[in-house]
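K.L.:
Please find one structure pasted underneath; my questions will follow.
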Amino acid sequence: MIRFISDGALSSCCTFLTGGRAKRLAYAYNESELLEAAKDGALVIGRGSNILFGDYGYGGTVVVNRTSGIAFEERTCTCASGVLLSELCRSFTREGREGLTWAVGLPGTVGGAVIGNAGAFGGCMADVVQAVCVFDGKGVARIENEACGFAYRQSAIKGTVVGVELRAEKGERQAIETAAAQTARKRKESQPQGASAGCIFKAADGKSAGALIDSAGLKGLRVGGAVVSNKHANFIINDGGAKSGDILQLMRTVQAIVYDKFGILLAPEIKRIGAFT
Numbered sequence: 044m045i046r047f048i049s050d051g052a053l054s055s056c057c058t059f060l061t062g063g064r065a066k067r068l069a070y071a072y073n074e075s076e077l078l079e080a081a082k083d084g085a086l087v088i089g090r091g092s093n094i095l096f097g098d099y100g101y102g103g104t105v106v107v108n109r110t111s112g113i114a115f116e117e118r119t120c121t122c123a124s125g126v127l128l129s130e131l132c133r134s135f136t137r138e139g140r141e142g143l144t145w146a147v148g149l150p151g152t153v154g155g156a157v158i159g160n161a162g163a164f165g166g167c168m169a170d171v172v173q174a175v176c177v178f179d180g181k182g183v184a185r186i187e188n189e190a191c192g193f194a195y196r197q198s199a200i201k202g203t204v205v206g207v208e209l210r211a212e213k214g215e216r217q218a219i220e221t222a223a224a225q226t227a228r229k230r231k232e233s234q235p236q237g238a239s240a241g242c243i244f245k246a247a248d249g250k251s252a253g254a255l256i257d258s259a260g261l262k263g264l265r266v267g268g269a270v271v272s273n274k275h276a277n278f279i280i281n282d283g284g285a286k287s288g289d290i291l292q293l294m295r296t297v298q299a300i301v302y303d304k305f306g307i308l309l310a311p312e313i314k315r316i317g318a319f320t
C-alpha cells in the first residue's frame, strides 16, 4: 500500500528543481502500488525530466513511479516503466544488445520516454518498442507498436504505462560499447550541465529549435535565476534560485522573439503542471 506525504515538495520531483507543493505525494515501488495510484486517479510521473511544476503547486495527488525490473530473453527485453532510461541503456550495453546506443545519457524513465517518444542522434523509442502495457482505467492492456501512434516526440498512448517490451537483438559487444561511449562523449560536448529539463522546444518546420534560438541571439538571456544556456540554446538552466515562473517567462520570451524574427512558433517539449502566476 502506498504511503502518502501531505503537502509534499514538488521541487524534489523534477529536474528543474522548482515548483510548489502537492496536496499529497507518494512513491510507487512495485506494480501493485503503481496500479493503486493509477486506479485512484493520481498524477503518475517518472523523474520529472520533462515537467515544469507551477510555483503555486498542484492541488491533487502526485505519485512518483519508482518501479524496477529488467529481464532479457533471446531477442527481447521487458522493462518496468519506472526504470531509468540511463539504467536500461547500461543493461543493453552490458548484455551486448543493439538498439539503444543513441539514448545513452538521456534522463527520465522508460515509461516517460515511451509516452514522449524520446529521441536523439537519429534514434527514438519508436524504433525499439515492441509493445507497451498500459493501465487504461479498466485494466492493463497490451498495445503493439503500430497502435501506439508514435510521432515526433509524442505518442497516442493514454493511461499509465506499467511495462515495456523492447526489441533487443544480440550484437557485437565491443562495437556496441564503442557506439555508447561515442554517444556519451557527444552529449557531454554539446549539452550543458545543471538543473534543466533537457531540450525545451521541439524542432519546427524541419529546423532545429536550438539553431533558431541561437540565430536570434538569445544565448545567455536571463529571467531571474533562469537562463538560456550558452552551450546549447535549446536548454534553459536553473542557474540557482530560479522559480518556475522565471522559466515560464523566459520560455515565452524566447518564443516571442523567435516568432518575430523567423515567423516560427516554437512548441514546448515539456509539460506544465499545476498553478502558475
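Counting in the working numbering, the sequence shown runs from 44 upward without gaps. No residue lacks a Cβ here, since even glycine has one placed at the ideal position from N, Cα and C. Keep in mind the model is a prediction, meaning the values are calculated, not measured.
1. Give, in chain order, every unbroken run of the beta strand (DSSP E) that is at least 3 residues long and sits entirely within the region 197 to 233.
2. Does DSSP put Q173 in a helix, in a strand, or in coil?
3. Going by DSSP, what residues sit across from R64 in a beta bridge?
4. Can you determine whether any heavy atom of the ligand ATP sits closer than 7 Å to the C-beta of K262, and answer yes or no?
5. Are the CB atoms of V177 and A184 nearer to each other than 8 Å?
6. Whole angstroms is fine: what's the gap from Y101's alpha carbon to V107's?
7. Measure the CB-CB distance between T152 and S111 and report whether it falls below 8 Å.
8. Can you give the Cα-Cα distance for A190 and K181, rounded to whole angstroms?
9. Name the DSSP bridge partner or partners of E187?
10. Out of D50, L264, A163, state which residue places its alpha-carbon closest to the alpha-carbon of A65.
11. Just tell me which of G283, R315, F305, W145 has its CA closest to the CA of M294.
12. State the DSSP-derived secondary structure class of Y70, mapped to helix, strand or coil.
13. With three or more beta-carbon pairs closer than 8 Å as the criterion, would you say the region 215 to 232 touches the region 188 to 203?
14. From which residue to which residue does the alpha helix (DSSP H) around C242 run?
15. Could you tell me which residues DSSP pairs with F115 in its beta bridges?
16. State the Cα-Cα distance for the pair G62 and C56, rounded to the nearest angstrom.
17. Please classify S233 as buried or exposed, where buried requires at least 16 neighbouring CB atoms within 10 angstroms.
18. Counting Cβ pairs closer than 8 Å, one from the region 192 to 201 and one from the region 153 to 167, do we hit at least three?
19. Taking just the CA atoms, how far does S251 sit from F278?
P.N.:
If we stick to the structure as given:
1. 203 to 210
2. strand
3. A52
4. The model on display carries no ligand, and the ligand ATP is accordingly not part of it.
5. yes
6. 14 Å
7. no
8. 18 Å
9. A174
10. D50
11. R315
12. strand
13. no
14. Unbroken run through C242: none, as it is neither H nor E.
15. C120
16. 9 Å
17. exposed
18. yes
19. 12 Å
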